[in-house]
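Engineer: This structure is in structure tokens; I'll ask about it shortly.
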Amino acid sequence: MNNNSISLETFEDVADSTDWLSTPLSGLAAVEAALRCQVCKDFYKTPMLTSCNHTFCSICIRRALSNDGKCPLCRASEQEMKLRSNWSMEEVVVAFTKTRSDVLLFAKTSQDTIAEPGKRKLGDTEDDDSASQRSGKRLRSSTRLSKSRSIEMTSEMARLEADVPHQDSTDFEPDDGLVACPICLQRMKPLQVDRHLDTSCPGEPQPERTPSKPSSRSTSIPNAFSSSSSPKKPPARTFERLPAVNYSMLKEPQLRKKLQEQGISAAGSRQMLEKRHKEWTTIWNANCDSQYPRRKGELLHDLDVWERTVGSRAPTNSRTISLGAQIKDKDFDGAAWAAKHDSSFKDLIANARRNKVLMGRKSSEDEKKGVDRTHGSSKDKGDEPTPQPDSEMIASLDHSEEPQEQVDSVTQATGIIDLTGEIASSNASAGELSDREDGAVDLDASSRTTTI
Amino acid sequence: MAQSTAHRRLLQEYKMLTNNPPDGITAGPVSEDDMLHWEALIQGPEGTPFEGGVFAAELKFPKDYPLAPPKMTFLGEVFHPNVYQSGLVCISILHPPGDDPNHYEHASERWSPIQSVEKILISVMSMLAEPNDESPANVEAAKMWRENRPEYERKVRESVRHMLGL
Ligand SMILES: [Zn+2]
Ligand SMILES: [Zn+2]
Ligand SMILES: [Zn+2]
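Here the protein sequences line up with chains A and B, keeping their order. With UniProt numbering applied, the first sequence corresponds to residues 1 to 452, in that order. With UniProt numbering applied, the second sequence corresponds to residues 1 to 166, in that order.
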């Protein structure tokens, strides 16, 4: 596996449909948005159609359905077994992503050359500067990205991890009612596949069947199966989808046994076992949907990532939850973000003050009367929020355990600009509460809000 | 190394919000070390007593985001029927469907994995303009909003001015 060669995606590497907005081809933002999954916001990866005719990545819709059984878009009830592949969408995504960086580069350069002769620096400098600065940055990052791709991403697996769709899905699946054998790509009736896998499958892609397949395919697919060179039984069962499990019908030892049968960890609480089994089923079945299925070792890696970020080995302290330490990458321009936001905070505040002064002049008259009651004290931080009659009632609610320091008035004129400092200090209290912050409690906490 | 689904998705949203920020809204991760913790600034909507104010809030995302919604908490006093005294915001988009014992919220308004930080913040802006007093988080504010609107608006305007140090 070459996970190690795939660096973590960082802010600058993230391509988004809004990248077009600052170019003369801003209309492509909508085109690109239509090629992206609304759940992960990334380009469709193994797109699947629901019965309500919505499309999502296989893994996204499977995860959502195993969570609540509803289409995330229209909330129609849906079952995983009803999902169908949307190969046309996959083709469009492949074609678009293949040409995206070239077109974006072209759009940006054409803009630069148009802007160049005028060179009007005054007046609208702000916009010009930031636009060219941004485009410069992005160009740099996209070249870097494509360079690293050509070096590292030689295998099909790398392609999948990097979400760069394959160029060659065009000659897939003519509408003849036949399916391709996942191993040798020979086409046959669906009912024949199992028998074929057990008896006659040659164990690797057959060149005459796939005349235009690039080398990456023929090298990677056999790699995916250690037994590829021997024509004996390939792991046919690898491609069977796992059935949904009604966990409430399952005793804990049975559940552990199911996990063990799949070759995954059976450790942890009952709740963790269910979560893990669900996630594994999702990863597994999404892989079954893919035209380029990966081998089990890679799926186990995905499960391991899940285990470390969401599952039993996820950090309990939210500071480190996202394994953000991993994006220590210089590409995440923390300083720029701080600077950018510092100035936009200041702008917001300045505007607010200006407007408020004007407004205040108009309306201060009728408000004078009540001033004493509400903000009789204009003492600063440390003030309790205005005492309110229902405070006892509120205190009896679950939410009273929210750290009260946060009520402290960050939003006071002086406090607002060093907002980050304020938040940093509120992290301390978040840290103290960290033992409550496992996934289950998060869910409980958010559901609590509805019961009020 | 491990990069969770939540992390990737939030990077994507951050990029989107940076390239194309909605009017009156600023949001992003507090630090690159923790994508699950964001801060946001929302301008008080025009034509409401919150007009002119800038409200800071923090967003805490669950590990399984976007399956489950984040929690949003204002960092200063916001006197509003749908905001707890702790600052915690209580609106339907922040509630997953399925746990609504009162059935006062339409499922279509609730959290779904296709919702986003941007949609949350826009909803909160419109919540400031139009409180939902069917589900008050701040009973006093809800009562005042219902029964003594001028006093409610005066109190809000006063706190906005106080916030701006005027
Ligand atoms: Zn997706
Ligand atoms: Zn649907
Ligand atoms: Zn075969």
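Every residue, glycine too, gets a C-beta built ideally from N, C-alpha and C. Note that the structure is a prediction, hence the values are computed from the model and not measured.
Determine, for Asn20(B), whether the minimum Cβ-Cβ distance to residues of chain A falls below 8 Å.
Structural biologist: Position 20 of the second sequence holds residue 20(B). Output row for Asn20(B): interface = yes.
Engineer: Hey, is Thr50(A) close to ligand 2, as in C-beta under 7 Å from one of its heavy atoms?
Structural biologist: The count along the first sequence starts at 1 and reaches residue 50(A) at position 50. Yes.
Engineer: Could you give the C-beta distance for Ser66(A) and Asp289(A), rounded to a whole number, given that I count them as a contact under 8 Å?
Structural biologist: As a first step, residue 66(A) must be located in the first sequence, where it is residue number 66. As a first step, residue 289(A) must be located in the first sequence, where it is residue number 289. At roughly 14 Å, the Cβ-Cβ gap does not stay under 8 Å, so Ser66(A) and Asp289(A) are not in contact.
Engineer: Does the contact criterion of 3 or more C-beta pairs under 8 Å hold for the segment 118-129 of chain B versus the segment 81-100 of chain B?
Structural biologist: Because the criterion of three Cβ pairs below 8 Å is met, the segment 118-129 of chain B and the segment 81-100 of chain B touch.
Engineer: Hey, how far is the Cα of His301(A) from the Cα of Trp280(A)?
Structural biologist: Your numbering for residue 301(A) matches position 301 in the first sequence. Your numbering for residue 280(A) matches position 280 in the first sequence. Roughly 11 Å separates the two Cα atoms.
Engineer: Return the first residue and the last residue of the alpha helix (DSSP H) that Gln79(A) is part of.
Structural biologist: The residue given as residue 79(A) occupies position 79 in the first sequence. Note, Gln79(A): premise wrong, no alpha helix (DSSP H); not H, not E.
Engineer: Which class does Arg295(A) belong to by DSSP, given the choice of helix, strand or coil?
Structural biologist: By 1-based counting over the first sequence, the position of residue 295(A) is 295. Coil.
Engineer: Thinking just about the alpha-carbon of each residue, which of Arg75(A), Ala266(A), Val103(A), Met48(A) is nearest to the one in Ser17(A)?
Structural biologist: Within the first sequence, residue 17(A) is the residue found at index 17, counting from 1. Among Arg75(A), Ala266(A), Val103(A), Met48(A), the Cα nearest to that of Ser17(A) belongs to Val103(A).
Engineer: Per DSSP, which residues does Val92(A) bridge with? Please list them.
Structural biologist: As a working note, residue 92(A) is residue 92 in the first sequence. In DSSP, Val92(A) forms no bridge with anything.
Engineer: Please compile the residues from chain B whose C-beta is within a distance smaller than 8 Å of the C-beta of Pro72(A).
Structural biologist: Working through the first sequence from its first residue, we reach residue 72(A) at position 72. The answer, in chain order, is Ser112, Pro113, Ile114.
Engineer: Please write down, chain order preserved, every residue whose beta carbon lies under 5 Å from a heavy atom of ligand 1.
Structural biologist: Going by the Cβ distance cut-off, the answer is Cys37(A), Val39(A), Cys40(A), Cys57(A), Cys60(A).
Engineer: Is any non-hydrogen atom of ligand 2 found closer than 7 Å to the C-beta of Leu88(B), if you look at the structure I gave you?
Structural biologist: In the second sequence, counting from the first residue as 1, residue 88(B) sits at position 88. False, no ligand heavy atom lies under 7 Å from that Cβ.
Engineer: Does ligand 2 have a heavy atom nearer than 7 Å to the CB of His54(A)?
Structural biologist: One-based indexing of the first sequence puts residue 54(A) at position 54. Flag set: Cβ of His54(A) near ligand 2.
Engineer: Can you list, in chain order, the residues of its chain with a C-beta nearer than 7 Å to that of Ser85(A)? Leave out the 5 residues immediately preceding and following it.
Structural biologist: Numbered from 1 along the first sequence, position 85 holds the residue referred to as residue 85(A). Answer for Ser85(A): Met48, Asp289, listed in chain order.
Engineer: So, is the C-beta of Ser322(A) closer than 8 Å to a C-beta in chain B?
Structural biologist: Reading the first sequence from its first residue, position 322 is the one you call residue 322(A). Bear in mind that a pLDDT of 40 at Ser322(A), under 50, signals an unreliable position, so the model cannot answer this.
Engineer: Between which residues of its own chain and Cys40(A) is the CB-CB distance below 7 Å, once the five residues before and five after are set aside?
Structural biologist: Along the first sequence, one-based indexing puts residue 40(A) at 40. Around Cys40(A): Cys57, Cys60.
Engineer: Throw me the rounded Cβ distance for the Leu11(B) and Val14(A) pair, which I believe falls under 8 Å.
Structural biologist: Your numbering for residue 11(B) matches position 11 in the second sequence. Your numbering for residue 14(A) matches position 14 in the first sequence. Right, their Cβ atoms sit about 5 Å apart.
Engineer: Indicate whether at least one CB of chain B lies closer than 8 Å to the CB of Leu300(A).
Structural biologist: Taking the first sequence and counting its residues from 1, one reaches residue 300(A) at position 300. For Leu300(A), the answer is no, since every Cβ of chain B falls outside 8 Å of its Cβ.
Engineer: Please list the terminal residues of the continuous beta strand (DSSP E) segment that includes Thr5(B).
Structural biologist: In the second sequence, residue 5(B) corresponds to position 5, counting from 1. Looking at the DSSP string, Thr5(B) is not in any beta strand (DSSP E); the run it does join, the alpha helix (DSSP H), is 5-19.
Engineer: Can you give me the C-alpha to C-alpha distance between Gly203(A) and Asp304(A), rounded to a whole angstrom?
Structural biologist: Position 203 of the first sequence holds residue 203(A). Position 304 of the first sequence holds residue 304(A). Straight-line Cα distance between these residues: approximately 28 Å.
Engineer: Starting from His196(A), trace the beta strand (DSSP E) both ways and give me its first and last residue.
Structural biologist: Reading the first sequence from its first residue, position 196 is the one you call residue 196(A). Unbroken run through His196(A) is the alpha helix (DSSP H), 193-199; no beta strand (DSSP E).
Engineer: Quick one, are the C-beta atoms of Pro62(B) and Val156(B) less than 8 Å apart?
Structural biologist: In the second sequence, residue 62(B) corresponds to position 62, counting from 1. In the second sequence, residue 156(B) corresponds to position 156, counting from 1. No, the pair does not count as a contact, with Cβ atoms beyond the cut-off.
Engineer: For Pro182(A), which residues of its own chain have a beta-carbon under 7 Å away from its beta-carbon, when the five flanking residues on both sides are left out?
Structural biologist: Taking the first residue of the first sequence as position 1, residue 182(A) is located at position 182. So the qualifying residues of the chain are Phe239, Pro293.
Engineer: Taking DSSP's pairing of strands, which residues face Ser85(A) in a bridge?
Structural biologist: In the first sequence, counting from the first residue as 1, residue 85(A) sits at position 85. Its beta-bridge partners are Met48(A).
Engineer: Less than 8 Å between CB atoms is the rule here; does Pro63(A) satisfy it with respect to chain B?
Structural biologist: Working through the first sequence from its first residue, we reach residue 63(A) at position 63. The question names Pro, but residue 63(A) in the sequence shown is Arg. Yes, Arg63(A) lies at the interface with chain B (some Cβ there is under 8 Å from its Cβ).
Engineer: Asp194(A) to Ser200(A), Cα distance in whole Å?
Structural biologist: Looking up residue 194(A) in the first sequence gives position 194. Looking up residue 200(A) in the first sequence gives position 200. Their Cα atoms are separated by approximately 10 Å.
Engineer: Roughly how many angstroms separate the alpha carbons of Leu94(B) and Lys278(A), rounded to a whole number?
Structural biologist: As a first step, residue 94(B) must be located in the second sequence, where it is residue number 94. As a first step, residue 278(A) must be located in the first sequence, where it is residue number 278. Straight-line Cα distance between these residues: approximately 24 Å.
Engineer: Please confirm whether Leu11(B) has its beta-carbon closer than 8 Å to some beta-carbon of chain A.
Structural biologist: What you label residue 11(B) is simply residue 11 of the second sequence in a count that begins at 1. It does; some Cβ of chain A falls within 8 Å.
Engineer: Where His162(B) and Phe74(B) are concerned, what is the direct C-alpha to C-alpha distance, given to the nearest angstrom?
Structural biologist: For this step, residue 162(B) is matched to residue 162 along the second sequence. For this step, residue 74(B) is matched to residue 74 along the second sequence. If you take the alpha carbons of His162(B) and Phe74(B), they lie about 16 Å apart.
Engineer: Which value, in whole angstroms, describes the spacing of the CA atoms of Pro152(B) and Met144(B)?
Structural biologist: The count along the second sequence starts at 1 and reaches residue 152(B) at position 152. The count along the second sequence starts at 1 and reaches residue 144(B) at position 144. Checking the displayed sequence, the identity of residue 152(B) turns out to be Tyr instead of Pro. The alpha-carbon atoms of Tyr152(B) and Met144(B) are separated by roughly 6 Å.
Engineer: Buried or exposed: where does Val83(B) fall if 16 or more other Cβ atoms within 10 Å of its Cβ makes it buried?
Structural biologist: Position 83 of the second sequence, counted from the start, is the residue given in the question as residue 83(B). With 16 or more other Cβ atoms within 10 Å, it is buried.
Engineer: What is the DSSP secondary structure of Ala40(B), counted as helix, strand or coil?
Structural biologist: In the second sequence, counting from the first residue as 1, residue 40(B) sits at position 40. Ala40(B) falls in the strand class under three-state DSSP.
Engineer: For residue 495(A), does the count of other Cβ atoms within 10 angstroms reach 16, so buried, or fall short, so exposed?
Structural biologist: No answer is possible for residue 495(A): the residues shown for chain A start at 1 and end at 452.
Engineer: Establish whether the CB of Asp64(B) and some CB of chain A are separated by less than 8 Å.
Structural biologist: Counting from 1 along the second sequence, the entry for residue 64(B) is found at position 64. Yes, because at least one Cβ of chain A sits closer than 8 Å to the Cβ of Asp64(B).
Engineer: I'd like to confirm something about Cys181(A): is its beta-carbon nearer than 7 Å to some heavy atom of ligand 2, or not?
Structural biologist: Walking along the first sequence from the start, residue 181(A) turns up at place 181. It does not: the Cβ of Cys181(A) is nowhere closer than 7 Å to a heavy atom of ligand 2.
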